[in-house]
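1 is the number of the first residue of the sequence shown in this note's numbering; add one for each residue after it. Glycine residues also receive a C-beta, built at the ideal position from the N, C-alpha and C atoms. The next block holds one structure in the form of structure tokens; read it before the comments.
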Amino acid sequence: MPDKRKIAFITGITGQDGSYLAEFLLEKNYKVHGLLRRNSNPSYGNVAHLRHEIEFSFGDLADPACLSMYLAKIQPDEIYNLGALSHVHESWLQPLATADQTGLGALRIYEAVRNVTPRSRLYQASTSELFGKTKIIPQNEDTPIHPANPYAAAKALAHFDAQIYRESFKLFISTGILFNHESPRRSPDFVTRKISLGAVAIKLGLKGGRLPIAQGGRPVINALGKLELGNLDAQRDWGFAGDYVEAMWLILHHDRPDDWVVGTGQVHTVRQFCEAAFSEVGLNWQDHVVINPEWNRPTETGPLVADASKIKRILGWKPKTSFKQLVSMMVHSDLSRLS
Ligand code: NAP
Ligand code: F7E
């Protein structure tokens with residue numbers, strides 16, 4: 001019997017979103033393929049638990065030949081381009097690699113689709129960082145794009161090219177302009193996971209080699225037992241990644257390609273995240289957090305707040321997880337992991 005399942009190809013499958021999306025699509029009986037970078041020690045990242053259910057293709061967004069070859073072989077119905085150097089702070093340290101992987105990487109996928117599988121539907125992972133320095137609050141699909149860091153500039157290239165390829169070549173390329181979304185699978189380089197890991201490590205009294213590694217390859221707690229953070233006043237619209245992958249799928253199932261803002265419409269500060277996470281483990285954050293200006297950025301973005309009324313109205317999507325539930329989920333997951 002021929003396999004009639006729909007075929008999806010995911011770049012960035014080992015990342016936070018790639019793993020939730022793979023689970024979501026497998027649940028819907030898709031055949032899931034993923035682009036996997038070859039490392040000296042093979043690593044399946046967040047999809048290690050699914051490695052027998054996913055077909056992996058070794059490759060890289062830097063290599064257009066491999067992208068075309070895999071599309072020809074896999075013939076995907078849907079492509080989700082989630083692969084990117086996704087860290088804003090890191091993008092100042094690696095601006096050229098960011099431009100290449102995050103910006104040109106997307107363009108290489110669009111070219112491969114144009115030349116090899118023009119009937120595939122393509123989702124491009126755009127970001128609220130596109131709005132960067134905007135003075136307009138909240139932001140929707142019509143808000144002018146004003147990037148403020150190398151990551152956002154690379155994503156802007158990918159975003160504009162998605163629109164250009166859609167209009168010029170009649171390809172089905174949609175973008176999801178997603179605001180921050182987090183989960184227990186978030187890399188500890190990002191502030192929310194750094195805080196949940198830090199609160200739990202302090203609660204459990206972890207020391208030395210038992211401490212998880214966070215941003216900059218350093219233990220999450222410093223030698224004095226404190227959690228070092230940068231700008232506590234920074235504001236973000238934080239949602240749960242598991243809710244957002246459903247939006248990606250809905251976006252590709254609309255009858256025409258388009259751009260879609262996805263977020264909760266609620267902002268919180270880094271300080272409020274600390275307060276909520278430490279109180280989950282019965283601690284007062286002010287006793288444990290210190291400022292390290294090293295984690296400040298040359299320019300800060302925001303406040304970035306989503307006006308997601310379009311996707312709510314047309315596709316019926318809405319976030320299911322509150323800020324409080326998100327923080328609690330992350331802290332309790334780290335508690336059971338580290339206990
Ligand atoms: P993530 O956890 O950092 O995952 C990034 C993924 O990209 C990893 O699987 C990584 O593979 C892969 N990758 C990086 N460079 C690559 C290359 N040259 N070739 C192939 N794969 C490469 O990111 P995420 O949070 O899941 O986000 C998914 C996408 O959404 C990203 O494009 C991100 O920029 C965008 N986005 C995220 C958010 C958010 O709040 N999470 C919001 C808006 C947009 P390795 O495991 O090999 O490193
Ligand atoms: O920073 C402040 C920092 O690194 C959030 C990516 O998924 O979302 C993410 O980018 C805020 C910033 O995420 C620390 O200054 C304070 O204002 O967790 P973050 P991000 O930069 O918002 C967007 C939408 C994406 O598209 C990206 O791919 O937190 N902050 N102290 C800190 N941030 C970090 N990382 N570490 C600190 O110690």
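| field | Per-residue DSSP class, three states only, for residue 215 | value | helix
| query | Exposed or buried, residue 221, counting other C-beta atoms within 10 Å across all chains shown (16 or more means buried)? | reply | buried
| With a Cβ-Cβ cutoff of 8 Å, do residue 180 and residue 237 count as a contact? | yes
| query | Which class does residue 123 belong to by DSSP, given the choice of helix, strand or coil? | reply | strand
| Inter-residue Cα distance where the pair is residue 301 and residue 171 | 32 Å
| request: Report the residue from 38, 45, 58, 1 whose alpha carbon sits nearest the alpha carbon of residue 9. | output: 58
| message | Counting C-beta neighbours from all protein chains within 10 Å, is the total for residue 176 16 or more, i.e. buried, or is it exposed? | response | buried
| task | Could you please give the first and the last residue of the uninterrupted alpha helix (DSSP H) stretch that includes residue 70? | result | 64-74
| If you draw a straight line from the C-alpha of residue 174 to the C-alpha of residue 69, how long is it? | 23 Å
| message | For residue 203, count the other beta carbons within 10 Å of its own beta carbon; 16 or more makes it buried, fewer makes it exposed. Which is it? | response | buried
| said: Residues around the ligand NAP, please: the ones whose beta-carbon is closer than 5 Å to some heavy atom of it, in chain order. | reply: 12, 14, 15, 16, 17, 37, 45, 60, 61, 82, 83, 84, 86, 101, 125, 127, 178, 180, 181
| message | Considering only heavy atoms of the ligand F7E, does any lie closer than 7 Å to the CB of residue 268? | response | no
| field | residue 306 and residue 138 closer than 8 Å at C-beta | value | yes
| In three-state terms, what does DSSP make of residue 80? | strand
| request: Could you tell me if the beta carbon of residue 297 falls within a distance shorter than 7 Å of some heavy atom in the ligand F7E? | output: yes
| message | At a threshold of 7 Å, does residue 189 count as lining the ligand F7E (C-beta to nearest heavy atom)? | response | yes
| task | Could you have a look at residue 40 and say whether DSSP puts it in helix, strand or coil? | result | coil
| task | Keeping to the same chain, check which residues put their C-beta closer than 6 Å to that of residue 132; ignore five residues upstream and five downstream. | result | 146, 147, 148, 152, 301
| query | From 303, 258, 227, pick the residue whose C-alpha is nearest to that of residue 287; which is it? | reply | 227
| message | Residues in the same chain with beta-carbon distance under 6 Å from residue 232, minus the five sequence neighbours each way, listed in chain order, please. | response | 270, 271
| Could you give the distance in angstroms between the alpha-carbon of residue 157 and the alpha-carbon of residue 259? | 15 Å
| said: Rounded to whole angstroms, what is the Cα-Cα separation between residue 268 and residue 75? | reply: 42 Å
| said: Check for me: the beta strand (DSSP E) holding residue 176 runs from which residue to which? | reply: 172-178
| message | Tell me the rounded alpha-carbon separation between residue 4 and residue 187. | response | 35 Å
| request: Report buried or exposed for residue 378, applying the criterion of at least 16 other Cβ atoms within 10 angstroms of its Cβ. | output: What the structure shows of the chain is the stretch from 1 to 339, and residue 378 is not part of that stretch, so it cannot be assessed.
| task | Only counting runs of 4 or more residues, tell me where the alpha helix (DSSP H) segments fall wholly within the region 246-326, in order along the chain. | result | 270-280, 309-315
| Excluding the five sequence neighbours on either side, which residues of its own chain have a C-beta within less than 7 Å of the C-beta of residue 24, listed in chain order? | 245, 246, 249
| request: Go to residue 8, then tell me how far its beta strand (DSSP E) extends in each direction, as first and last residue. | output: 7-11
| What are the boundary residues of the alpha helix (DSSP H) that includes residue 129? | Run containing residue 129: none; DSSP gives neither H nor E here.
| field | Own chain residues within Cβ distance below 8 Å of residue 284, not counting five before or after | value | 278
| query | Opposite residue 235 in the DSSP bridges: which residues? | reply | 269
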